[in-house]
Amino acid sequence: MNVKMKHLLHAATLALSVSAAAIAAEPAEVRLTIATEAVGPRIEPEIYGHFVEHLGTGVYDGLWVGPESKIPNTRGWRNDVVEALRRIEVPVIRWPGGCFADDYDWRDGIGDPAKRPVRLNRWWGRVPETNRVGTHEFMDLVEMLGSEAYIAANMGSMSPRDASQWLEYMTSDSKSALAEERRRNGRDRPWKVKYVGVGNESWGCGGNMRPEYQADLHNRYATYLQDTLRVASGDGQRNDHLVEVLMERSGAHMDAFTLHYYTTAGEWEDKGPATGFGADRWAKGLQSALGIEERIVAVSGIMDKHDPKKRVALYVDEWGTWHDPAPGTNPGFLQQQNTLRDGLVAALTFNVFHRHTERVKMANIAQMVNVLQAMALTDGPRMALTPTYHVFELYKPFRGAVPLKATLETPRWHEGEIELPAVDASVARAADGSMVLALVNLDPWRTARVQTNLSGAVRGRILTADALDAHNTFAKPNALVPAPYSSGANGAPLTLELPPKSVVVVSVPR
Ligand code: AHR
Numbered sequence: 006m007n008v009k010m011k012h013l014l015h016a017a018t019l020a021l022s023v024s025a026a027a028i029a030a031e032p033a034e035v036r037l038t039i040a041t042e043a044v045g046p047r048i049e050p051e052i053y054g055h056f057v058e059h060l061g062t063g064v065y066d067g068l069w070v071g072p073e074s075k076i077p078n079t080r081g082w083r084n085d086v087v088e089a090l091r092r093i094e095v096p097v098i099r100w101p102g103g104c105f106a107d108d109y110d111w112r113d114g115i116g117d118p119a120k121r122p123v124r125l126n127r128w129w130g131r132v133p134e135t136n137r138v139g140t141h142e143f144m145d146l147v148e149m150l151g152s153e154a155y156i157a158a159n160m161g162s163m164s165p166r167d168a169s170q171w172l173e174y175m176t177s178d179s180k181s182a183l184a185e186e187r188r189r190n191g192r193d194r195p196w197k198v199k200y201v202g203v204g205n206e207s208w209g210c211g212g213n214m215r216p217e218y219q220a221d222l223h224n225r226y227a228t229y230l231q232d233t234l235r236v237a238s239g240d241g242q243r244n245d246h247l248v249e250v251l252m253e254r255s256g257a258h259m260d261a262f263t264l265h266y267y268t269t270a271g272e273w274e275d276k277g278p279a280t281g282f283g284a285d286r287w288a289k290g291l292q293s294a295l296g297i298e299e300r301i302v303a304v305s306g307i308m309d310k311h312d313p314k315k316r317v318a319l320y321v322d323e324w325g326t327w328h329d330p331a332p333g334t335n336p337g338f339l340q341q342q343n344t345l346r347d348g349l350v351a352a353l354t355f356n357v358f359h360r361h362t363e364r365v366k367m368a369n370i371a372q373m374v375n376v377l378q379a380m381a382l383t384d385g386p387r388m389a390l391t392p393t394y395h396v397f398e399l400y401k402p403f404r405g406a407v408p409l410k411a412t413l414e415t416p417r418w419h420e421g422e423i424e425l426p427a428v429d430a431s432v433a434r435a436a437d438g439s440m441v442l443a444l445v446n447l448d449p450w451r452t453a454r455v456q457t458n459l460s461g462a463v464r465g466r467i468l469t470a471d472a473l474d475a476h477n478t479f480a481k482p483n484a485l486v487p488a489p490y491s492s493g494a495n496g497a498p499l500t501l502e503l504p505p506k507s508v509v510v511v512s513v514p515r
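Residues 6 to 515 in the working numbering are what the sequence shown lists, from first letter to last.
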């Protein structure tokens with residue numbers, strides 16, 4: 006190539022990139038047309054549920070510091086975390102696992118704490134499990150938060166009798182030996198246990214079972230678990246055959262079937278860092294998050310064949326981001342930072358759940374504190390709330406609301422081979438008659454201008470930042486928090502400007 010040609014090429018490239026920048030400076034034009042009719046049953050508050058496992062510092066240090074700790078606590082549960090969780094109104098907590106559940110003997114966690122056996126936490130770092138937090142402590146947390154209990158029973162390594170005795174111990178009002186034992190251990194009134202999981206990931210850490218074997222076993226265990234909603238361990242490996250077999254053979258013995266779906270910004274073997282990533286991993290992460298919809302549609306389709314009346318609910322009882330472990334931490338503790346990208350993943354996932362309320366009746370983010378896509382991170386007495394926490398808080402008006410039909414016309418944007426919509430949206434009618442709108446601008450560079458068929462002024466809040474990996478730290482716990490947002494004027498058509506990489510939730514008065 007001669008010098009003249011080189012100059013020409015350079016000029017052409019420059020012109021191209023200048024025009025690309027000019028285009029990027031122009032907002033993406035989006036149209037949102039909202040109808041008044043409902044498109045599904047209400048959004049169950051339980052889709053904003055949580056999951057707590059004996060894993061890393063998820064329970065010990067993260068939630069529980071013990072009554073003797075200098076860290077302010079209530080009967081062992083740290084006050085700062087409990088107060089933060091109260092603000093997001095935790096509807097349901099799944100416990101004690103996860104993989105841990107199928108290796109857990111509930112008897113280890115009752116009675117005098119000083120006499121409880123220390124076991125090995127086989128799945129997560131092979132660290133000692135003191136059993137200091139057991140049934141009584143967990144149920145105390147459930148009551149403090151005003152949540153429902155979702156107990157994951159051990160089907161992998163214990164008998165149906167163990168599972169049914171645990172349930173009786175917790176819930177019986179009788180004079181049975183188990184109820185009396187509970188009373189001797191300090192709890193007179195029975196607890197309410199609304200949900201019981203029959204094993205966890207039975208295809209993997211829950212016993213490496215064939216679906217056919219699991220179905221038989223499920224039916225056997227479910228027979229002895231009465232007066233509670235029975236949740237069958239479901240898919241986590243895109244295994245349609247498993248869904249078929251469980252629904253066909255065990256559908257009559259379950260109230261819900263589960264799906265586990267983790268979002269990664271890379272391959273499973275190369276998930277990518279939680280911070281310090283570029284636009285490629287931003288796009289990959291959001292693409293992976295949106296992929297949950299395809300799985301919900303596939304699993305629901307198979308469920309429809311066997312349960313056309315939709316008696317059996319779908320619980321997405323593990324979901325969230327899974328990144329490389331934070332540098333310097335025990336890889337078995339699954340500790341990771343949580344950035345604006347995680348916040349957008351949460352918002353997109355909620356929007357997907359809102360589109361499938363006919364089946365999806367519960368979801369549990371993995372996990373509550375210090376593990377995977379957590380609400381809060383702790384370090385000794387310090388605590389930082391995450392962008393994901395703030396999205397849970399922003400989406401509170403959607404609980405119990407009815408999703409409305411909304412047509413979104415959005416351009417798409419590209420990052421390498423990945424193509425994604427500029428905007429994703431969810432619209433619902435809240436119980437008080439107001440309309441709630443959630444809008445996510447997935448594009449990291451370009452503002453979106455959303456024209457609606459509504460008019461008037463709206464108010465709400467926005468979560469956004471300049472950096473792709475903006476996050477909160479113990480030194481700067483409020484680096485990324487929602488800010489007030491308002492748009493429109495009385496009588497004027499409503500248009501909402503969404504900055505790049507943002508989540509906006511507004512309410513339209515009735
Ligand atoms: O959430 C971490 C683990 O992921 C759970 O223990 C298991 O069920 C899943 O594989």
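Backbone N, C-alpha and C fix where the C-beta goes; we use that ideal spot for every residue, glycine too.
Considering only their Cβ atoms, is the gap separating residue j from residue i smaller than 7 Å?
| i | j | result |
| --- | --- | --- |
| I48 | A352 | no |
| T269 | V35 | no |
| M373 | V57 | yes |
| W324 | A368 | yes |
| G332 | H395 | As written in the sequence, residue 332 is Pro, which differs from the Gly given in the question. Cβ atoms of P332 and H395: not closer than 7 Å. |
| T38 | N356 | no |
| L339 | G116 | no |
| R464 | S431 | no |
| A106 | N205 | yes |
| E502 | R451 | no |
| V365 | F358 | yes |
| R127 | D108 | yes |
| A279 | S255 | no |
| G493 | A462 | yes |
| S460 | L499 | yes |
| L264 | G290 | no |
| G348 | W129 | no |
| N287 | P392 | Inspection of the sequence shows that residue 287 is occupied by Trp rather than by Asn. Against a cut-off of 7 Å, the Cβ pair of P392 and W287 comes out as no contact. |
Could you tell me the alpha carbon to alpha carbon distance between residue i and residue j, rounded to whole angstroms?
| i | j | result |
| --- | --- | --- |
| N84 | V95 | 15 Å |
| L447 | R194 | 49 Å |
| P118 | S74 | 15 Å |
| A182 | G161 | 26 Å |
| E217 | M259 | 15 Å |
| I98 | D145 | 12 Å |
| G54 | A443 | 19 Å |
| L21 | A154 | Here the model assigns L21 a pLDDT of 40, short of 50, so the residue's position is not dependable and the matter cannot be decided. |
| Q378 | I297 | 16 Å |
| I156 | Y229 | 15 Å |
| F262 | E363 | 14 Å |
| F282 | Y266 | 22 Å |
| G191 | I467 | 46 Å |
| A381 | W69 | 13 Å |
| G45 | R404 | 14 Å |
What residue from the options has the CA that sits closest to residue i's CA?
| i | options | result |
| --- | --- | --- |
| W196 | E31, A158, H141, R189 | H141 |
| A411 | V428, S179, G333, I423 | V428 |
| G102 | T391, E51, V513, V376 | V376 |
| V147 | G209, P122, R80 | R80 |
| T469 | A480, V455, Q456, A484 | A484 |
| D113 | Q242, M214, E134 | E134 |
| N477 | V509, A237, A433, T383 | T383 |
| L90 | G212, G67, G290, K481 | G67 |
| E422 | D285, P514, R254, H359 | D285 |
| G63 | R92, R121, G45, F143 | F143 |
| D110 | W82, L150, W69, S169 | S169 |
| G496 | M388, V508, V513 | V513 |
| G241 | G45, K506, G211, A475 | G211 |
| P32 | K506, R515, V510, V511 | K506 |
So for residue i, helix, strand or coil by DSSP?
| i | result |
| --- | --- |
| R112 | helix |
| K581 | Only positions 6 to 515 of the chain appear in this structure, which leaves residue 581 out of reach. |
| I76 | coil |
| G54 | strand |
| D275 | strand |
| F282 | coil |
| A411 | strand |
| W171 | helix |
| Q219 | helix |
| F479 | coil |
| H246 | helix |
Is residue i near the ligand ATP, in the sense that its beta carbon is under 6 Å from a heavy atom of that ligand?
| i | result |
| --- | --- |
| A261 | Although the ligand ATP was asked about, the structure shown includes only the ligand AHR as ligands. |
* Asked: Taking contact to mean at least 3 C-beta pairs separated by less than 8 Å, is the segment 341-349 in contact with the segment 60-74?
  -> At 8 Å Cβ cutoff, the stretches do not touch.
* **Three or more C-beta pairs below 8 Å linking the segment 298-311 and the segment 242-255** => Contact check between the segment 298-311 and the segment 242-255: three or more CB pairs, one atom from each, fall below 8 Å, which counts as touching.
* Asked: Counting pairs of Cβ atoms below 8 Å between the segment 231-241 and the segment 198-211, do you hit three or more?
  -> With a cut-off of 8 Å, the segment 198-211 and the segment 231-241 count as touching, because enough Cβ pairs lie within range.
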